[in-house]
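In order, the protein sequences belong to chains A and B. The working numbering puts the first sequence at residues 468 to 1121. The working numbering puts the second sequence at residues 468 to 1121. What follows is one structure encoded as structure tokens, with my remarks underneath.
Number of protein chains: 2
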Amino acid sequence: MDTDIINNIKSLGIDMITNAKSGHPGIVLSAAPILYTLYANHLNINTSDKNWYNRDRFIMSAGHGSALLYATLFMSGYNISLEDLKQFRKIGSKTPGHPELNITPGVECTTGPLGQGIATAVGIALGEKILSNNYKCPSGKSLFNFKTYVLVGDGDLMEGISYEACSFAGSMNLKNLIILYDSNNMSLDGSTTYTFKEDVRKRFKSFGFKTYLIKNGNDLKKLNFILNLAKRSSKPVFIEIKTKLGNGSLLENTNSVHGKPLTNDDIIQLKQKLKVPTDLFYVNDNSKSYMQNKIANRVNKVYTESVDTYKEYVDKVLNGNKNRINYLFNNNIQANILNFNWQLKDKQALRDTNQYILKTILDNIPIVIGGSADLGSSTMTYIKELEDLTSHNLKGKNIWFGVREQAMGAILNGLALVNFHPYGSTFLSFSDYVKPSIRMSALMNLPVTYIFTHDSISIGSDGPTHQPVEQLLMLRSLPNLDVFRPADANETIGSYKTILEKGEGPSAILLGRNTVPILEETKVNEVEKGGYIALDTNKKPDGIVISSGEELHQVLEVAKRLKTKGIEIRVVSMPNLGRFLKQSDEYIENILPVEVRKIVVEAGSSYSWNKLIFNQKYLITLDTFGTSGKCSDVYKKYGFDAASLEEKIEELLK
Amino acid sequence: MDTDIINNIKSLGIDMITNAKSGHPGIVLSAAPILYTLYANHLNINTSDKNWYNRDRFIMSAGHGSALLYATLFMSGYNISLEDLKQFRKIGSKTPGHPELNITPGVECTTGPLGQGIATAVGIALGEKILSNNYKCPSGKSLFNFKTYVLVGDGDLMEGISYEACSFAGSMNLKNLIILYDSNNMSLDGSTTYTFKEDVRKRFKSFGFKTYLIKNGNDLKKLNFILNLAKRSSKPVFIEIKTKLGNGSLLENTNSVHGKPLTNDDIIQLKQKLKVPTDLFYVNDNSKSYMQNKIANRVNKVYTESVDTYKEYVDKVLNGNKNRINYLFNNNIQANILNFNWQLKDKQALRDTNQYILKTILDNIPIVIGGSADLGSSTMTYIKELEDLTSHNLKGKNIWFGVREQAMGAILNGLALVNFHPYGSTFLSFSDYVKPSIRMSALMNLPVTYIFTHDSISIGSDGPTHQPVEQLLMLRSLPNLDVFRPADANETIGSYKTILEKGEGPSAILLGRNTVPILEETKVNEVEKGGYIALDTNKKPDGIVISSGEELHQVLEVAKRLKTKGIEIRVVSMPNLGRFLKQSDEYIENILPVEVRKIVVEAGSSYSWNKLIFNQKYLITLDTFGTSGKCSDVYKKYGFDAASLEEKIEELLK
């Protein structure tokens, strides 16, 4: 029966690809036995309660294996119809080209860009470890004790992010993580003989994993045996499973079977081998029932226990008050914790302000957690009053990601997938390394906060490699990312309030490096609108200067100086351009009336600002790389010191 | 004497940091013995011929060790004065905060973002292997036989790009690469105990490296012994050298010594230990002469041999005609090879056109070489008529980077640093992974060509993870990157002509996935101007539509349809927005006269276009993620099919 079901999964996957005229048959045929074994015999899931908080997670890191995943989910009894499978890769379907979160029941993560899935899985496993430790009943039972399984291919393992994440998983000893490696020495372009000679199991051993080899990926008995060992491992587990890409196809073991539909002849001979009728979308209903029952019978007891544990937790730990745990399941966070009196120094670097705010949030909201890619003592996101999160201390709040910006992003996504509201920090210049994972946060609409400090050329002497110029625009133009560039403590608080109030979707907070005063002109509650009048004139303004971040300080100084010369300037602070552009026409016109000349001052790409200002000459922005030197010298060189700005603005308004 | 010089290098490095009030003392004190040993006893360099083509290369991957590097270069006799050291980290100096190419004699590569240096070094080593194999005299001697040395710290080795690049180096068996690991279990945030538990030597063994351990980084005898072994290795070499961060400082072995100047007290006690006078910028002239002579005496013979080999090569291989080798040393490439009759099919995907052009270039210019991050059979940059470059075939032209986008970028930079004009390809969506290395290409002004195919939502069924939306703007806004988005074969040829003619600086060519005809309206020679009139009207146009890439085809169709309705439209093709914006006001006004309404059609971020068009309603662009579906359905959903465009444009021009 097992083989029948596997073969039916294979034929369904192949039919989906044939019908869509697009897809990846290779992995369907190589990895179907792995997915079947996992779902039928190991994964603790409940297809009628797909969001069961303590379910095992399976991540298809090789996201091009979507047809295989959907066929398996269908056979497992998720709410996916045969019609859904027929709509594979079609617009608006439940079965898109690569797995997408919130579209297909049973899909736990959007995958496709290789390496992201495995790194996100590491984040999920980390999340489980923390949750498991922190939500225990008096009986010792925990609300959480699930495993995270992930299927990877050669491509995933060549990606740098997979090394970063797995080295982290080893350092944190995430024994709840089980990686299944569909190992067939074949990637899109051909055999991996040229490209990937490394001893992969040795590599995972060097990370601190327990490793296994299964020489024949069709050996279900061995698969079950090793998976049972893996579940009891005291280390993270890596299982190399030797398979044949496109097993059974005429193109078996060639790269041609990776990413294109099979020919008709090939399908006919394949289905004969598989002993499956040749009709498209054939389903053996007995097989489907058998698989569903197998899962239900196996998981029933675990699921009931989980329900009991939840009851015990609510009764004994929360004294019946479910509210105290609701945020863990509903993403329901209140922002009013930020409504107290701030005791900030008159003048400080915003990363210090940020630290103070972060600590307040961490003290109040248990599901907020985060860390830095080894720049915490410079980005100041390391909260020294709180404990470190380590393999030995899961109560800690400070995550040590190591110098692993990419993996940090994906791990944050994983944490968000198990309902944390995580944050991570590095220098803005290195947001380049995080971008691929931020894109995944945005695609999945996860409540991840990216804290990027050392914004702009004002960092000075570290030079152009460390001076972000184009990154601000890169982040602003990323769909669904909310980008804040506060000028001072007020606006930094306003940024966090806005983030906590919306409660969903990713955000980035960009902070300058230098010490700045708290401005009288800035307003906490205006940040959510994106831009507002910081300094106005009594008469009709001679000009409006729009600015953000550290540059706002110079602009305000200039405005005050010019006033003494009789030039009256309205200063508009724009901590969040994206939000401002979404305000009503009336609001925008009120802040930036058409008939007044407008100037922008921002040490970043001019592309950001043409939506507000057409004439290039009114843009005091930066479209070249910076240079190494003292901040004041660098500012002067590029015309961002107050004196240069005053001269330029005066000239422009003549 | 050795120790005296090392101590003088240390004291100079510390003085530079003290004087600059900024820098990284930790690595100066831990790694000075390594750098001294390398320069004094091993590196084949000629300080009076710093660009000697066959010099050994040293890359300071831990770029924050700039003070150590500059002090060592100074003592080695490069054209760096004591005054230059005093200007460390100051604006306009020869000694910027992190090493920068073309600023400091002896600096081979811009470094700073961790991991980039080591990955670039892999590219340099690969380049040497190819050159060494391809430029041989009849006597068997090669023009090239240099080694590439690279110093890395814990941070470098945690970065994903370093795994990617080293796994590649192992697969290519780059035995000319010697990695020196300054191993002190300490990174910026503290001990690596939490974050980096991996067995690093085992990891490098898994990649195919020969590994060594030196337990005491101050043991010069051992250092020399192992380096001598390393130079004879038949595999790439990884040497772990145990050091103490900030060796000798009061903060020795703590993260506090990593990135901040030492206190006065600390400096005084340190200089006592080092037996160096306490005066700032003390130099023992005897030490300096000794070190310079040591290098000169050792290298003299090798250098003379190299000069002889060059003569032999010119005489015997080139028959005295130096021109045939000049491009190898002068970056002098002629673009006229692209002036022949193209035999292109009427209709083909631009990636196929691109392949045809690439092959022509490869057939004519020996220093062009490239490959793909395992998408060559999909980006079509794999040239099947040419051989594969493998560890056993160094004549090959097709590089197999594996699924390693990040490392590919850095390796291309390394190849460019040894005078190749390399190219690399992947899907545009994954340009996100390459961005950090493209930034390095741009900072170093290297002639690297990035080929990004599968542009925009038109790729269809692979879905939003594979559909680039914001990447086009990300590339356009990167300073010093020349971004081409050709619409058809003519413009693709024009893009390559422009790239070959300029001969320097990085470029990106973005190609759609779908089959397109060669347009009558496009012009090869207009591409260099960035934008031009593709289709004009006889009378004053009713409107101008600007477009690029695949969308130009729909726009031309729409223009023709609208003409039958009496609406006359000028179509402007804009394959390179950045170049167009640099044209004279007259040129721009001629193409886009102020008084005519203008509309943009491009399936990418609207931020790109506000420089030309202020009113948002005239932008038919895309600021959200795409969706999985057939190309035609996706186009329709987002309004980029000809019918939707026609309706929209007609409405806008009413």
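Glycine included, C-beta positions come from ideal geometry on N, C-alpha and C.
- In the assembly as shown, Lys1084(A) is an exposed residue. Its beta-carbon has fewer than 16 other beta-carbons within 10 Å.
- One alpha carbon belongs to Gln736(A), the other to Thr893(B), and they sit about 34 Å apart.
- No Cβ of chain A is located within less than 8 Å of the beta carbon of Ile1013(B).
- In chain order, Leu655, Asp656, Gly657 and Asn722 make up the part of chain B whose C-beta sits under 8 Å from the C-beta of Ser844(A).
- Bounds of the alpha helix (DSSP H) holding Ala1110(B) are Ala1109 to Leu1119.
- Look at Pro914(A) here: in three-state DSSP terms it is coil, with no helix or strand label.
- Taking Pro1008(B) as reference, the option from Val1061(B), Leu967(B) and Leu940(B) with the minimal CA-CA separation is Val1061(B).
- Excluding residues up to 5 positions away in sequence, Glu1018, Gln1021 and Ala1070 lie with their Cβ nearer than 7 Å to the Cβ of Phe1107(B) in the same chain.
- Against chain A, the CB of Asp1108(B) has no partner CB under 8 Å away; the residue lies outside that interface.
- Under the 10 Å beta carbon count, Phe671(B) is surrounded by 16 or more other beta carbons and is classified as buried.
- At a cut-off of 8 Å, the C-beta of Met941(B) has a neighbouring C-beta in chain A.
- Look at Lys814(A) here: in three-state DSSP terms it is strand.
- By the neighbour-count criterion, in which 16 or more other beta carbons inside 10 Å mark a residue as buried, Gly620(B) falls on the buried side.
- In terms of beta-carbon proximity, Phe1047(A) stays away from the interface with chain B, with every pair separated by 8 Å or more.
- CA-to-CA, the gap between Ser515(B) and Ser858(B) works out to about 34 Å.
- With a minimum length of 3 residues, the unbroken runs of beta strand (DSSP E) contained wholly in the region 595-635 of chain B fall at 615-619.
- For His565(A), the neighbours in chain B by C-beta distance under 9 Å run, in chain order, Asp929, Gly930, Pro931, Thr932, His933 and Ser1095.
- For Pro973(B), the three-state secondary structure derived from DSSP is coil.
- Segment contact: the region 496-514 of chain A against the region 584-599 of chain A, fewer than three CB-CB distances shorter than 8 Å; contact not assigned.
- Taking 8 Å as the CB threshold, Lys664(B) lines the interface with chain A.
- A direct Cα-Cα distance of roughly 46 Å separates Ile976(B) from Pro984(A).
- Closer than 7 Å at the C-beta level to chain A, one finds these residues of the region 621-645 of chain B: Gly622, Met625, Glu626, Gly627, Ile628, Tyr630, Glu631, Ser634, Gly637 and Ser638.
- Listed along chain B, the residues sitting closer than 7 Å to Glu937(A) by beta-carbon distance are Ser944, Leu945 and Pro946.
- For Thr893(A), DSSP records a beta bridge to Phe919(A).
- When secondary structure is reduced to three states using DSSP, Trp519(B) falls in the coil class, being assigned neither helix nor strand.
- In the DSSP assignment, Ala487(A) falls within the alpha helix (DSSP H) that extends over Asp469 to Ala487.
- Counting only runs of 4 or more residues that sit fully inside the region 684-733 of chain A, the alpha helix (DSSP H) segments are 687-698, in chain order.
- A Cβ-Cβ distance of about 4 Å is found for the pair Ser928(A) and Gly564(B), placing them in contact under the 8 Å criterion.
- Taking 8 Å as the threshold, the shortest C-beta distance from Thr857(A) to chain B falls below it.
- Runs of the alpha helix (DSSP H) lying entirely within the region 817-860 of chain A and spanning at least 4 residues, in chain order: 817-831 and 843-846.
- In the DSSP assignment, Asn865(B) falls within the unbroken beta strand (DSSP E) covering Asn865 to Trp867.
- Note that the C-beta distance between Ala956(A) and Ser1040(A) is not below 8 Å.
- For Pro728(B) against Lys488(B), the beta-carbon gap comes to about 6 Å, under 8 Å, which counts as contact.
- Taking 8 Å as the threshold, the shortest C-beta distance from Asp482(A) to chain B does not fall below it.
- In the structure shown, His1020(B) adopts helical secondary structure according to DSSP, grouped into three states.
- When the beta-carbon positions are compared, Pro946(B) and Glu937(A) come within less than 8 Å of each other.
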